[in-house]
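Residue numbers (this note's numbering): 6 to 376.
Each remark here refers to the structure printed beneath this line.
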């Protein structure tokens with residue numbers, strides 16, 4: 006792992022990744038038996054369908070007109086023994102489980118060089134509880150719940166100093182994959198695969214799920230997984246991976262996003278990102294360094310909003326209390342609040358450099374999409 010974000014009790018690993026194509030056995034992208042599309046919570050509700058890029062930028066900049074439902078800094082979670090830990094970078098996923106309305110995956114440091122990925126839950130997005138450790142040594146987790154309540158999970162897996170993308174599937178057995186995972190996050194997954202490293206890269210990491218085609222079995226699935234790779238050990242760049250039938254992997258470089266971000270000022274490492282749809286448009290939020298003094302310049306990370314449909318980009322400047330400017334690990338989730346109102350959940354990591362008086366660690370901003 007090329008660099009590590011070691012701030013406070015929560016951490017974020019910066020890894021980096023890939024150019025070219027890495028294969029177990031490469032197949033074409035084919036949606037079989039089900040639509041190949043984005044799934045919850047990456048799809049905006051109809052009430053938000055007419056939002057344009059400027060509207061979304063205003064929400065992510067935390068300057069949009071509706072009063073936020075919840076804003077927090079240095080977000081924490083407690084376990085059953087009241088042990089406190091950081092909850093960052095937190096990815097929020099709504100569920101149909103009444104006792105665990107919102108799941109969250111995040112990571113924390115377990116020794117001087119390694120991390121573990123955890124599962125937590127909240128009933129209101131305000132107070133978070135740790136359920137347990139999912140896997141280690143691992144970081145940067147992501148999770149999606151499929152239509153039959155099975156679960157796909159991805160992480161940055163780092164057993165020996167060279168990070169890889171790992172994917173786990175929790176299937177539908179005596180209890181659903183979701184129920185099994187909530188009951189015991191360390192349960193052995195139904196299927197798991199550690200994906201090959203990208204050619205000429207010294208690390209692959211920060212996986213995020215994109216489009217998914219699934220009709221009840223991984224053997225007929227297609228899963229898009231974006232990630233970044235540490236090309237030649239020099240610069241983090243983006244890749245768009247596709248896992249077919251849970252065995253065939255291709256991961257070409259995403260030069261479109263790399264070029265957009267670089268030309269917009271992100272001339273250092275280009276790292277973690279989150280993709281989502283609003284109406285007919287596909288967006289993503291990308292972290293990148295702007296004019297870094299070095300690869301380890303933690304004060305230089307900024308966020309960019311990309312409209313993939315229009316080929317447009319805008320640098321974001323979230324108005325955080327305390328004036329923090331260096332932010333990373335963005336996530337976006339669309340949820341329904343306990344009040345019944347649709348909302349956008351934006352989370353990110355506040356670095357300990359160039360952060361003004363903003364507390365470092367996990368930040369969450371929950372914005373109602375309707376009054």
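Glycine residues also receive a C-beta, built at the ideal position from the N, C-alpha and C atoms.
CB contact flag (residue i, residue j, <9 Å)
| i | j | result |
| --- | --- | --- |
| residue 138 | residue 191 | yes |
| residue 243 | residue 231 | yes |
| residue 53 | residue 347 | yes |
| residue 158 | residue 170 | no |
| residue 255 | residue 234 | no |
| residue 333 | residue 277 | yes |
| residue 136 | residue 105 | yes |
| residue 359 | residue 331 | yes |
| residue 110 | residue 350 | no |
Of the listed residues the options, nearest to residue i (C-alpha basis)
| i | options | result |
| --- | --- | --- |
| residue 375 | 58, 70, 63 | 70 |
| residue 354 | 106, 329, 153, 100 | 329 |
| residue 103 | 127, 88, 83 | 127 |
| residue 288 | 46, 42, 44, 61 | 61 |
| residue 357 | 305, 108, 323 | 305 |
| residue 270 | 177, 318, 188, 154 | 318 |
| residue 298 | 272, 153, 209, 203 | 272 |
| residue 202 | 189, 194, 188, 258 | 258 |
| residue 200 | 194, 211, 172 | 172 |
| residue 82 | 117, 342, 133, 50 | 133 |
| residue 241 | 210, 150, 177 | 210 |
| residue 196 | 265, 205, 156, 180 | 156 |
| residue 222 | 189, 247, 152, 77 | 152 |
| residue 236 | 300, 184, 193 | 300 |
Rounded straight-line distance, which links the Cα of residue j to that of residue i
| i | j | result |
| --- | --- | --- |
| residue 249 | residue 225 | 8 Å |
| residue 310 | residue 335 | 10 Å |
| residue 115 | residue 315 | 42 Å |
| residue 307 | residue 363 | 15 Å |
| residue 125 | residue 89 | 12 Å |
| residue 325 | residue 293 | 18 Å |
| residue 167 | residue 261 | 26 Å |
| residue 36 | residue 148 | With a pLDDT of 34 at residue 36, under the threshold of 50, the modelled position of that residue is not reliable, and the figure given next carries that caveat. Taking the straight line from one Cα to the other gives about 20 Å. |
| residue 186 | residue 99 | 14 Å |
| residue 340 | residue 45 | 9 Å |
| residue 48 | residue 338 | 8 Å |
| residue 281 | residue 218 | 16 Å |
| residue 154 | residue 165 | 33 Å |
| residue 175 | residue 108 | 15 Å |
| residue 56 | residue 327 | 28 Å |
| residue 312 | residue 279 | 12 Å |
| residue 40 | residue 361 | 46 Å |
| residue 345 | residue 72 | 16 Å |
| residue 101 | residue 59 | 32 Å |
| residue 33 | residue 213 | In this prediction, residue 33 scores a pLDDT of 32, lower than 50, which makes its location untrustworthy; no coordinate-derived value is stated. |
| residue 365 | residue 263 | 27 Å |
| residue 265 | residue 274 | 13 Å |
| residue 84 | residue 268 | 44 Å |
| residue 343 | residue 205 | 47 Å |
| residue 302 | residue 373 | 34 Å |
| residue 247 | residue 193 | 23 Å |
| residue 182 | residue 150 | 9 Å |
| residue 51 | residue 184 | 29 Å |
| residue 180 | residue 229 | 26 Å |
Contact set for residue i: own chain, Cβ-Cβ below 6 Å, skip 5 residues either direction
| i | result |
| --- | --- |
| residue 38 | Bear in mind that the predicted position of residue 38 carries a pLDDT of just 49, short of 50, making it unreliable; the figure below should be weighed with that in mind. Here the set comprises 220, 225. |
| residue 409 | Outside the shown range of the chain (6 to 376) lies residue 409, about which nothing can therefore be said. |
| residue 352 | 95, 336, 369 |
| residue 122 | 112, 139, 140, 143, 146, 160 |
| residue 75 | 130, 131, 371 |
| residue 43 | 216, 282 |
| residue 323 | 66, 67 |
Contact set for residue i: own chain, Cβ-Cβ below 7 Å, skip 5 residues either direction
| i | result |
| --- | --- |
| residue 367 | 15, 79, 80, 91, 92, 93, 94, 95, 352, 354 |
| residue 117 | none |
Sequence-distant residues of its chain with Cβ nearer than 8 Å to residue i (five each side left out)
| i | result |
| --- | --- |
| residue 321 | 62, 65, 66, 290, 307, 308, 309, 310 |
| residue 177 | 153, 154, 155, 221 |
| residue 189 | 137 |
Legend entry - Every unbroken beta strand (DSSP E) within the region 311-355, with a cutoff of 3 residues, ordered by chain: 317-320, 332-341, 347-355
Inset, instruction - Please go through the region 90-127 and give each complete alpha helix (DSSP H) segment of 4 or more residues, from N-terminal end onward. - result: none
Legend entry - Length-filtered (3 minimum) beta strand (DSSP E) runs lying within the region 157-225: 169-175, 196-199, 206-218
Inset, instruction - Run through the region 218-271 for me and flag every whole beta strand (DSSP E) of 3 or more residues, listed as ranges in chain order. - result: 227-236, 240-249, 253-255
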